[in-house]
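A.B. asks:
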Amino acid sequence: KRIAVIGLGYIGLPTAVVLAVNGHDVTGVDVKQSTVEAINRGELPFVEPDLGASLTGTVAAGKLRATTSTPEAEAYIVAVPTPFKDGHTADLSFIEAAAKGIAPQLRGGELIILESTSPPGATQHMADIIMDERPDLSLGGDASNSIHVAHCPERVLPGRVMIELVENDRIVGGLTPGAAEMAKNLYSSFCKADIHITDAVTAEMAKLVENSFRDVNIAFANELSVIADKLNVDVWELIELANHHPRVNILQPGPGVGGHCIAVDPWFIVSAMPDDAKIIRLARETNDSKPQIVIDKALTALIGVESPTIAALGLAFKADIDDLRESPARDIAGRLADAIPNGQLLAVEPNILELPAELHNRKNVRLSELEPAIAAADLILLLVDHEEFKKFDTDKLLDKKVIDTRGAWRQVQTNAPALVL
Ligand code: SAJ
C-alpha cells in the first residue's frame with residue numbers, strides 16, 4: 007500500500023520504518039526540514055535502539071522517503087503531538103493542521119488513522135475538519151467517494167519501540183465498523199499480536215485510561231507514604247506486607263510521577279469531564295504535590311546547617327534511563343538549590359554527560375560523581391533508583407542524613423536515623 011505517515015517523532019518514524027520493512031511504500035511527512043533531510047540521508051534524528059539500521063535500509067531500498075508536504079496515498083497515519091494549552095486542555099492544532107494537509111489529496115476510498123494520544127472526540131473532530139474541507143466526500147459507507155477514519159493509539163515504551171510495535175496488542179477504534187476493519191488489516195501487516203476492534207471514542211479512552219490507572223495507583227502509594235511517615239512506619243515494609251494479600255497489589259511511592267504520558271494523559275479525561283473525573287484529578291494533584299513534600303522534608307533535615315551540601319542522586323524520570331523530561335527529580339533538584347542559596351547541590355546522574363541548562367545555569371549546582379558527592383554531603387537525597395545507587399555500599403552512609411524517596415536503601419541503619427519518605 008502507499009502510506010503517508012504525518013509526524014516523524016518517536017512514534018511516527020518507527021511506525022513508518024516498520025511499515026516500509028513490511029513491504030509498504032511509505033512517505034513520511036514532517037514540518038521540520040532538518041528531520042526530513044536527516045531521514046532522506048538514512049540518519050536517525052533521535053535515539054531509539056534498533057531503529058537506525060532499518061531506517062537506513064528502507065531509505066536505501068526506496069521504500070521510505072520524507073517530505074514536508076502531504077502526498078497522495080491510500081492510507082494516512084497521523085502521529086503528531088497533542089501538547090497542553092490553557093492549563094490542562096489538549097491542543098489539537100497539530101491534528102487539525104494534519105487534517106487540512108490530507109484533505110486536498112483525497113479521492114475517495116482512503117483510510118485515515120489518528121495515532122496521537124487524544125482526548126475523547128478528537129478522531130471525530132479530525133474527520134469533521136476533513137469533511138468541512140471536502141464536502142464532496144462522504145464519511146464511511148461503500149460509495150466510491152467514501153473515506154474511512156479510525157483511531158489506533160500507540161502504547162509502546164520508548165527504548166523498546168521496535169519490539170513493542172510488533173509484539174504489543176493494538177486497539178483499533180473506527181468511526182465506522184468498516185474503518186476499523188480496514189485499519190486492522192493495515193496494522194496486521196506488521197503487528198504480530200492481537201488487534202482488538204472497537205469504536206473511536208472507546209479506543210481514545212482506552213489509552214487514557216491505561217495511563218490513568220497507573221497514575222491513580224501510584225497516587226495511592228504516594229498518599230500512603232505521607233501517612234506512614236507521620237506514623238513513623240516504613241511505607242515499603244507496609245506495602246510489601248499488604249501485597250501478600252492475594253487481591254492487593256500496591257505500587258511504589260516515589261518523589262512524584264514523571265515522563266510525558268502518565269503525568270499528562272489523565273488530564274485529557276479531567277478536562278473533558280471536569281465534574282465527573284474526581285479520583286483521576288485528585289490522583290494527578292496528589293502525585294504533583296509530592297516534589298514539594300520531598301523539598302520540605304529535605305529543608306527540615308538541614309535546619310541548623312549553615313551552608314549545606316546536598317547530594318541529589320538521580321535526575322531522570324525513572325530508573326536506568328537518560329530521559330529527564332517532566333522529571334520530578336529534576337524539578338526537586340532545581341527548587342532545592344534555590345532554597346539553599348548559601349549551600350550547594352551536587353547532582354549525580356550517571357546517565358547524562360552534562361546538566362540540563364536550567365540546572366547548569368544555577369551557580370550552586372554541579373554534576374558530580376557518586377562517591378565524592380556522598381562524601382561531601384550533609385544530606386543525601388535519593389531521587390531515582392538507578393542500578394548504580396541500589397548497589398552502592400550503604401555502610402558508607404552510616405553517619406549521614408539520608409532521605410530515600412524510592413526505598414532503594416531500606417536496609418540502611420544510620421546514626422542519624424534515615425528519613426524515609
Ligand atoms: N512510578 C512510581 N511508582 C511506580 C511506578 C512508576 O512512582 O510504582 C513513576 C516512575 O518513576 C515515573 C512514572 O511513574 O516517574 C512513569 O513511569 P512508568 O514506567 O510507569 O511509565 P512510562 O511513562 O515510562 O510509560 C507509560 C506506560 N504505560 C503504562 O504502563 C500503563 C507505557 O506502556 C505507555 O506506552 C507510555 O506510558 C505512553 O506512551 O503512554
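Take the sequence shown: its letters are residues 7 to 427, numbered as in the UniProt record's numbering.
From the three backbone atoms N, C-alpha and C, an ideal C-beta is built for every residue, glycine too.
1. For alanine 322, which residues from the same chain have a beta carbon less than 7 Å from its beta carbon, with the 5 sequence-adjacent residues on both sides left out?
2. Given a cut-off of 8 Å, decide if leucine 192 and lysine 7 are closer than it, judged by their beta-carbon atoms.
3. Which of the three DSSP states, helix, strand or coil, is assigned to leucine 143?
4. Go through its chain and collect everything with a Cβ distance to glutamate 393's Cβ below 8 Å, but skip five positions before and after it.
5. What residue ranges within the stretch 316-382 form continuous alpha helix (DSSP H) runs of no fewer than 4 residues, ordered along the chain?
6. Which of helix, strand or coil does DSSP assign to alanine 10?
7. Between alanine 422 and alanine 307, what straight-line distance do the alpha-carbon atoms span, to the nearest angstrom?
8. Report the option in Ser150, Leu98 and Ala103 whose CA atom is closest to the CA atom of glycine 114.
9. Do you know offhand how far leucine 19's Cα is from alanine 186's?
10. Name, in chain order, the residues that DSSP records as bridge partners for residue 3.
11. Looking at C-beta atoms only, is the number of pairs between the stretch 195-205 and the stretch 98-114 that lie closer than 8 Å three or more?
12. Counting only C-beta atoms, is valine 11 closer than 8 Å to chain C at any point?
13. Hey, out of Ala381, Ile338 and Thr411, whose CA is closest to aspartate 401's CA?
14. Are at least three pairs of beta-carbons, each pair with one atom in the stretch 25-42 and one in the stretch 123-136, less than 8 Å apart?
15. Within this structure, are the beta carbons of asparagine 367 and proline 347 separated by less than 8 Å?
16. Would the C-beta of glutamate 216 count as close to ligand 1, meaning under 7 Å from any of its heavy atoms?
17. Is the beta carbon of valine 276 sitting closer than 8 Å to the one on isoleucine 286?
18. Apart from the five residues on each side of it in sequence, which residues of its chain come closer than 7 Å, Cβ to Cβ, to proline 259?
19. May I ask you to report which of helix, strand or coil DSSP gives leucine 19?
20. Which two residues bound the contiguous beta strand (DSSP E) that contains aspartate 205?
21. Looking at glutamate 121: is its Cβ nearer than 8 Å to the Cβ of valine 84?
22. Indicate the three-state DSSP secondary structure (helix, strand or coil) for arginine 416 in the structure shown.
23. Taking DSSP's pairing of strands, which residues face lysine 180 in a bridge?
24. Please go through the same chain and pick out, in chain order, the residues whose beta-carbon is closer than 8 Å to the beta-carbon of valine 24, but skip the five residues on each side of it.
25. Hey, would you say the C-beta of cysteine 267 is under 7 Å away from at least one heavy atom of ligand 1?
26. Regarding glycine 114 and ligand 1, is the C-beta to nearest heavy atom distance less than 7 Å?
27. Please state whether the Cβ-Cβ distance between serine 313 and glycine 349 is less than 8 Å.
28. What residues in its chain sit with their C-beta under 8 Å from that of cysteine 267, if we drop five residues either side in the sequence?
29. What does DSSP give as the partner residues of isoleucine 386 in its beta bridges?
30. Which residues in the same chain as leucine 351 place their Cβ atom closer than 7 Å to its Cβ, once the five residues preceding and following it in sequence are excluded?
31. Under three-state DSSP, which class holds lysine 213?
32. On the premise that aspartate 221 lies in contact with asparagine 293, defined as a C-beta separation below 8 Å, what is that separation, rounded to the nearest angstrom?
33. Which of the three DSSP states, helix, strand or coil, is assigned to threonine 95?
34. Less than 7 Å between the CB of glutamine 258 and some heavy atom of ligand 1, yes or no?
35. Determine whether the beta carbon atoms of alanine 153 and valine 178 lie at a separation below 8 Å.
C.D. replies: By the coordinates alone:
1. Asp328, Asp329, Leu330, Ser333, Ala335, Glu355, Asn357 and Val390
2. yes
3. coil
4. Ala325 and Asp326
5. 334-345, 363-366 and 376-382
6. strand
7. Note that alanine 422 scores 49 on pLDDT, short of 50, meaning its location in the model is unreliable; the coordinates nonetheless yield the value given after this. Using only the alpha carbons, I get a separation of about 10 Å.
8. Ser150
9. 22 Å
10. The structure shown has nothing for residue 3, since the chain only spans 7 to 427.
11. no
12. In the displayed structure, chain C is absent; only one protein chain is listed.
13. Ala381
14. no
15. no
16. yes
17. yes
18. Ala227, Asn228, Leu230, Ser231 and Val241
19. helix
20. 201-205
21. yes
22. coil
23. Note that residue 180 is glycine in the sequence shown here, rather than lysine. Answer by DSSP bridge pairing, in chain order: Ala156 and Asp205.
24. Ser60, Met168, Leu171, Val172 and Phe196
25. yes
26. no
27. yes
28. Thr123 and Asn217
29. Ala317 and Val408
30. Ile316, Ala318, Ala339, Leu342, Ala343, Asn370 and Val371
31. helix
32. 6 Å
33. strand
34. yes
35. Sequence check: residue 153 is isoleucine here, not alanine. No.
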